[in-house]
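Chains as they are written, first to last, in our numbering: chain S, 58 to 420; chain R, 2 to 416. Note that beta-carbon positions come from the ideal geometry of N, C-alpha and C, so glycine has one too. This structure is a prediction, so every number in the text was calculated from the model and none was measured. What follows is one structure encoded as structure tokens, with my remarks underneath.
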Amino acid sequence: MSRLDVRSIGMSLLAPAIAILLSIVVTTIVIAAVGSSPGDFWSTMFEVPKPRLRVDIVNQTAMIYIAAVAAAIGFRMGLFNIGLEGQYTLASFAAASFAGAAYLSGWANVFAAIIVAMAVGAIWAGIAGVLRTTRGVSEVISTIMLNSIAITLVGYFLNNYGVKEGNSVHTKNIEPGTSVGGFAPFEDRDGEIWTLAIIAVLVGVGFWVLLNKTRFGFDLRASGQSESAALASGINPKRMILISMMLSGGVAGLIWMPAFFGGARNYGTSFQVGLGFLGIAVALLGRNRPVGMLFGALLFAFLSVKSNDLTFGTDVSPSIVQITQGVAVLAVVVTYEVVRRWRTRLEQRAVSRELAPTTEATA
Amino acid sequence: MSTTTTTTPRKRGVVERLSKSWLYIGLIGIGLVSFVRIVTDTDDLTAAGTIRAAIIATCPILAAALGGLWAERAGVVNIGLEGQMILGTWGAAFFTYHYGPWVGIAGAALLGLVGGLLHAVATVTFGVDHIVSGVAINLIGAGTATYLAEAIFPEYEGGGPRQLNGLEAPTQITIPGVSDLANTIADKHWFFVSDIASFIQALTTNISTLSLLVFALVVVSAVVLWRTSFGLRLRSCGENPQAAETLGVNVYFYKYVAVLISGALAGIGGGFLALVASSGFSTGQTGGRGYIGLAAMIFGNWRPGGLLAGALTFGYTDSLRLRDTQSVHSLLLLVALGLLAFAALRAYRRQVRGAVAVTIAGLAVLAWFLSTDSVPREFTVMTPYVTTLFVLALGAQRLRMPAADGETYRKGSAG
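See the structure below:
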């Protein structure tokens, strides 16, 4: 039994290892193809990051991780919530407007804004959930449409009701008492690790507990693996779809909250786009497992943040890491599939080997 | 085939016949537009300039939608259209700069095809989930185009890290006699006739050969997919690959061909954006048109005629937002009338709940039209997306995608 465990752990690490290797190879080839030096690139990337970048990496990891958990909730249910991008954009805007209006003060405002963010994200994802359960509309298509609608809507509200400052528009700044800074692990000028990055830890632990220690989590995993089996054991699949979609959207609403209360303080040019898609990628990379996704988020954050160094030392532009990230995702899903097929074949062989003598005996 | 078409019952009523054919729907649509144009006195609604802009906005969406059609008819969902389109914009820019526009288009198709190849390898050979692979390809496509542009274009004349301007466009053609005649009639602003005339005028005056090529590709795709044995086999892979395999069809081959063509078509759509729709390449210029193409294809029920109608609708609204807001506002009346007509059709078919819902929506839009006098630009931008959601919500039961669409198929699974 333990031998099998070691082997299965080895196999589950095999796929990400191959994928990372493959993405390194592809990145190297692309860099060499346009005539830059891959050696410079990798030595810059693998240098130990400066303190300021280390802080950035932690902060980015937190946000990407929240996004990954949001995606994973859908995946475990067999739903593809591609609409994280729209959900967290709309939710961040709503929360920033609410917090900026200062109906409450201090921590009460922070908590209320976070609840607003979760509610808006959940409702926006819920539209796709309702369309799926009542009208049979694929959540993939509806969430893609909802993404574009959300981003346009936010643009409309911002242009008409935002605070104009020079060329840019943003929501009202939150009052100093409401912002939740963080702590500076190094010197002050190196920046702070945002306090609300703790949301990532809570979400990760919550996800693990929900999935493995609650009836709901069991229902979720069961419905994700076989809807008919779940239905037969008394789970209402429509209810599960709607709840998990809204849960996924609710968590998506949290994605940008650490940055908002930690540094941005308004929704405007400082809003970071693309975290939703990164989250989906990291969920795939980490196989929807809480720990796996943590490593994935760390890797992606490291690549994104560290690529800033490239502009100084090399002639490779930082956008190269987008290729690395994309290839890593594609490679990891392909290798998981290959490893899975290989394992099935091994198991089939093992079964037929153990059955062989008995069939001979009966024959 | 021939026996079933000849024995079709000919007792269908007038309304049934009118609502089944895309030709009649198109004519009714033009009539409605013409009516709205005269009532609201916005000649811009069907001015040749508007229609020309609409055609230019339609073509990239149409090419992407066709790409979606090819892949999904063979049973592969291609959400990577967006990424393949982005690759196409870069390919068109690079090859046009060096070898002229037609090689540029070929280059766009080639880059799109590479994206398609990635998708085919992942989904067909390795059986990865189609959506997952598509999302990854969108990441790779966007990253590759951005990186290659930053690495190569700054050294070019008219280029920078995010754009490459001054690219030579494919030739435009004008048919002399027809163009002038149509222009004269269009200027009269008669009901219906002038609208058709300005449509003809737009099609015969300074139209890009690439636009014509894209429209021709719709016809070619329809013929190849529905009138040849190659197309029949390809579609059989999307409907029931196991059955196809038992009949000796090489399912993997057809799926590969379909996805490669799909990528190439999306690439051409991207090339159109870089060469015709604007004066050059810029990063992020696809703006989600790959997704809109996918929506147009679903809107059109996985049929060439339908996706053409979808792409034209989306392209028309897309082009209107660049023009004055008054014409967008009169478009509201058009939408209201369209919804009410649709409601009447539902009522005629005795679908009471649907009729009531659509009537309410129609009246709401009508009230919006009467109570305001302009529409924010952002709302026009949203139109394709909201329309798609509505169409899906109202008609998801009537839409029929290929039976094995999106399913992973393994060779030998027919048993």
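| query | result |
| --- | --- |
| Distance, residue 311 (chain R) Cα to residue 385 (chain R) Cα | 9 Å |
| Coarse secondary structure for residue 139 (chain S), derived from DSSP in three states | coil |
| 8 Å Cβ cutoff met for residue 269 (chain R) and residue 389 (chain R) | no |
| Own chain, CB closer than 7 Å to residue 208 (chain S), minus 5 neighbours either side, in chain order | 143 and 146 |
| Which residues DSSP lists as bridging residue 221 (chain S), in chain order | S:226 |
| Proximity of residue 337 (chain R) and residue 315 (chain R) at Cβ, strictly below 8 Å | no |
| Euclidean distance between Cα positions of residue 404 (chain S) and residue 105 (chain S) | 43 Å |
| Exposed unless 16 or more other CB atoms sit within 10 angstroms - verdict on residue 410 (chain R) | buried |
| Assigned exposure category for residue 317 (chain R) - 16 Cβ within 10 Å defines buried | buried |
| Any C-beta of chain R under 8 Å from that of residue 82 (chain S) | no |
| Residue environment, residue 91 (chain R), which counts as buried when at least 16 other CB atoms sit within 10 Å | buried |
| Neighbour-count burial assignment, residue 173 (chain R), 16 or more Cβ in a 10 Å radius | exposed |
| For residue 219 (chain R) and residue 156 (chain R), the rounded distance between their alpha carbons | 38 Å |
| Reference residue 318 (chain S); option with closest CA among S:236, S:257 and S:199 | S:236 |
| Near-chain R residues of the region 208-235 of chain S (beta-carbon distance less than 8 Å), N- to C-terminal order | 209, 210, 212, 213, 216 and 217 |
| Segment contact flag, the region 55-64 of chain R with the region 209-216 of chain R, C-beta cutoff 8 Å, min 3 pairs | yes |
| Contacting positions in the region 369-398 of chain S - beta carbon closer than 7 Å to chain R | 374, 376, 377, 379, 380, 382, 383, 384, 386, 387, 390, 391, 394 and 395 |
| Where residue 382 (chain S) falls: helix, strand or coil (DSSP) | helix |
| Residue environment, residue 164 (chain R), which counts as buried when at least 16 other CB atoms sit within 10 Å | buried |
| Chain S within 8 Å of residue 408 (chain R), Cβ atoms only | no |
| Residue 376 (chain S) to residue 95 (chain S) span [Cα, whole Å] | 14 Å |
| Alpha-carbon to alpha-carbon, residue 110 (chain R) and residue 176 (chain S) | 44 Å |
| Rounded C-alpha distance that separates residue 241 (chain R) from residue 405 (chain R) | 6 Å |
| Contact with chain R by residue 64 (chain S), beta-carbon distance below 8 Å | no |
| Residue range of the alpha helix (DSSP H) that includes residue 165 (chain R) | Residue 165 (chain R) -> not in any alpha helix (DSSP H); beta strand (DSSP E) instead, spanning 164-166. |
| Assigned secondary structure, residue 70 (chain S) (DSSP; H/G/I helix, E/B strand, else coil) | helix |
| Test: residue 5 (chain R) CB closer than 8 Å to a CB of chain S | Only weak support is given to the placement of residue 5 (chain R): the predicted model assigns it a pLDDT of 42, under 50, and the question is left unresolved by the model. |
| Chain R within 8 Å of residue 102 (chain S), Cβ atoms only | no |
| Test: residue 127 (chain R) CB closer than 8 Å to a CB of chain S | yes |
| Proximity test, Cβ basis, 8 Å: residue 383 (chain R) and chain S | yes |
| Simplified DSSP state of residue 150 (chain S), which is helix, strand or coil | helix |
| Same chain, Cβ closer than 7 Å to residue 133 (chain S), five either side skipped, listed in chain order | 268, 277, 278, 281 and 345 |
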